[in-house]
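Residue numbers (the numbering used here): 143 to 644.
Structure follows, in C-alpha cells:
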C-alpha cells in the first residue's frame, strides 16, 4: 500500500520508476483487480486489529480507499454528540483537506445519508444543493457513494467515496465492506478513548480523594475542594457552601475569584439554596433563565454569570451536607454531562472529608473552650477565700462544690474592724459564664461599698440598686449578709431572698 496519497489520488500511477528506463513497470501483471482488492482488504483488516494509535487507524481508511480501492477521493466524517453535527475528520485523494476543514459540506449529500441512515451509491452530485454541485464542477468528481457508520443503533459517522464515473457493482461491494471495517475501527477507537477517559477520571478521582484527606482544616479543605473542581471542570469562579441544618441556611467562607467573606444564604433562596432544598443538580447555559437566580451578586461584584453548575454535596447514604456552585465554563457554553458525573462521583468523598474536618473543628473548639473554662474556673476560685478566718469564740467552715466549671456561687469574709466580721453568701440565678460574670461584679461592688457603709440595711439597698443598674440581663441574685460582733457576741443579719441559713 502506497502511503503517498496525493500521487495515488487521481490516477493509477506506477509505484516504482527507474531513471534509466523509459517504460513503466506495472505492479504485478499476473494479478487481477479482484486479487488486488482482496489483498488490500486483508491489509485493512490487519490494520484495524493492530495496536496503532487512534489517529493512524482512522487516517488509514480513506487513504486505503484511494490507494487500493479506486476511489478518487475518500472522506471520513465523524459525528459530534455535543454539536449534533458531523465534522470532516480525515480525507485522502483529490483536494485532501486537513482534518476539520470544509466541515460545512456535512450538508447536502452527506446530510441525506445521515438523516436516512441509508447508503447512497452512485448518487449524482448534480441532484444535491449548490455546494455539492460546485464541488463536482471544480474537481470533476460527479458521483458519491456514502455509507453511514452505525453500530448498535449509535451513529458514528459517514464514509464517503467520490468518483468521476459511476462505480461498478463489484467496486461498490468492496466499498461497502470497507465501510464495515471502518465501523469496527471507529468502535475500537471509541472503546480505547472511553477506556482512557475512565482511567483518567479514576486517576483524577484518586488524586482528588488523596488531596481531600490531606487536611483537617475546614477553611483549607473548602479552598481545596473548589480548586479541584475549578481546575478539572475549567470553571471561571465558584463557591462551596456548607449546610447548617439547625439554622436552615448555607454558609461559606470561600468564594474563589471573589473577596473572602463569609456568605450566608437561606435554604431555598437562589440557585444554591434551591439545590440544598430540593437535592437537584442545576446545569444551565444561561443562569438568567432560571427564575430563582439571584443576580444581586453579579451587580455587587461587577460580574456576568452565564453557564452555571450547582450540585448538592452528599454523603454516600444521601444526606446533603453542602453545595458546590461553579460559574462560566471556559471555552464552552455549558458544563457537560461528564463534568456533572465527575462531581457526583467526587461528592461522597467531599462530604466525608468535610464531615471529618467539621468534627475536627468541633473537637478543637471544644478543647479551646475547655482550656478557657479551666482558666476562668481558676480565676473564679481565686476570687473566693481559700479558708475562713479564725475568730475567737466562733467556729467557721465553708464548702463549695460548683455544678459547672464556673457559676454564680459566692461567699466571702470581710473584716470591718478588730471585732467585726461581715459574712456574705450569695447565689446568682443560673449557671455558667453569665452567672460567673455577675458574681464577679457583685464581689467588686460589695468590696467597694463596704469600706464606706457600715449599716447592713443601707449596704443591701445600695447593692441592689447598683447591681440592678449595671446588669442588663434578666438574671437575679439572692444574698445573705451577716455581721458578727465579737465584742457583743452577737450576729446581726439581712436575708435578701436567699435560703434562710438560720
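Cβ atoms here follow ideal geometry from the backbone N, Cα and C, with glycine treated the same way. Computed from a predicted model, the values in this text were never measured in an experiment.
Assigned secondary structure, residue i (DSSP; H/G/I helix, E/B strand, else coil)
| i | result |
| --- | --- |
| residue 624 | strand |
| residue 641 | coil |
| residue 164 | In this prediction, residue 164 scores a pLDDT of 38, lower than 50, which makes its location untrustworthy; the coordinate-derived value is nonetheless stated afterwards. Of the three classes helix, strand and coil, the one that applies to residue 164 here is coil, per DSSP. |
| residue 400 | At residue 400, the pLDDT of 48 sits below 50, so the modelled position is not reliable and the matter cannot be decided from this model. |
| residue 159 | Because residue 159 carries a pLDDT of 38, less than 50, the predicted location of this residue cannot be relied on, and the following value inherits that uncertainty. Note: residue 159 maps to coil in three-state DSSP. |
| residue 471 | strand |
| residue 559 | strand |
| residue 202 | helix |
| residue 452 | strand |
| residue 634 | strand |
| residue 222 | strand |
| residue 153 | Residue confidence is low: residue 153 scores 32 on pLDDT, short of 50, so the model does not pin down where it sits. Its coordinate-derived value is still stated next. Residue 153: coil per DSSP, three-state reduction. |
| residue 348 | helix |
| residue 629 | coil |
| residue 383 | strand |
| residue 243 | Below a pLDDT of 50, predicted positions are generally treated as unreliable, and residue 243, at 44, falls in that range; the measurement from the model is reported next regardless. DSSP places residue 243 in coil when its eight states are reduced to three. |
| residue 572 | strand |
| residue 217 | strand |
| residue 311 | helix |
| residue 564 | strand |
| residue 354 | helix |
| residue 319 | helix |
| residue 432 | coil |
| residue 262 | strand |
| residue 365 | helix |
| residue 173 | Per-residue confidence for residue 173 stands at a pLDDT of 46, beneath the threshold of 50, marking its modelled position as unreliable; no derived number is given. |
| residue 545 | coil |
| residue 332 | helix |
| residue 248 | The predicted model places residue 248 with a pLDDT of 49, which falls under 50 and marks its position as unreliable, so this point remains unresolved. |
| residue 538 | coil |
| residue 359 | coil |
Counterpart residues of residue i in DSSP-defined beta bridges
| i | result |
| --- | --- |
| residue 370 | Its beta-bridge partners do not exist; DSSP assigns none. |
| residue 389 | None, per the DSSP bridge assignment. |
| residue 293 | 296 |
| residue 267 | Answer by DSSP bridge pairing: none, since residue 267 is not bridged. |
| residue 394 | 405 |
| residue 305 | 285 |
| residue 551 | 569 |
| residue 464 | 384, 455 |
| residue 377 | 471 |
| residue 676 | Given a span of 143 to 644 for the chain in the structure shown, any question on residue 676 remains unanswerable. |
| residue 619 | 570 |
Presumed contact (8 Å Cβ cut-off) between residue i and residue j, rounded CB distance
| i | j | result |
| --- | --- | --- |
| residue 218 | residue 324 | 7 Å |
| residue 458 | residue 410 | With a Cβ gap of about 25 Å, residue 458 and residue 410 do not count as contacting. |
| residue 641 | residue 633 | Actually they are not in contact, since the Cβ atoms of residue 641 and residue 633 sit about 17 Å apart, beyond 8 Å. |
| residue 380 | residue 467 | 6 Å |
| residue 604 | residue 598 | With a Cβ gap of about 11 Å, residue 604 and residue 598 do not count as contacting. |
| residue 481 | residue 451 | 6 Å |
Endpoints, the alpha helix (DSSP H) within which residue i is located
| i | result |
| --- | --- |
| residue 650 | Here the chain has residues from 143 to 644 only, and residue 650 is not among them. |
| residue 600 | 598-612 |
| residue 443 | 438-443 |
| residue 578 | 575-592 |
| residue 272 | 272-281 |
| residue 258 | 251-258 |
| residue 413 | 412-420 |
Beta carbon proximity, residue i to chain B, threshold 7 Å
| i | result |
| --- | --- |
| residue 512 | Among the chains of the structure shown, chain B does not appear; only one protein chain is present. |
N-terminal and C-terminal residue of the beta strand (DSSP E) that residue i is part of
| i | result |
| --- | --- |
| residue 230 | 227-235 |
| residue 425 | 424-426 |
Any 3 or more C-beta pairs closer than 8 Å across the region 251-258 and the region 231-238: no
Segment contact, 8 Å Cβ cut-off, at least three pairs: the region 405-418 with the region 488-505: no
The region 362-378 / the region 489-499 touching (three or more Cβ pairs under 8 Å): yes
Stretch pair the region 199-218 + the region 256-265: three plus CB contacts closer than 8 Å: no
Stretch-stretch touch, CB-based, cutoff 8 Å, three pairs: the region 281-291 with the region 306-326: yes
Contact the region 552-566 vs the region 506-520: 3+ CB pairs below 8 Å: no
Inter-stretch contact (C-beta, 8 Å, three-pair minimum) for the region 466-481 and the region 370-377: yes
Contact between the region 544-553 and the region 606-616 (3+ Cβ pairs under 8 Å): no
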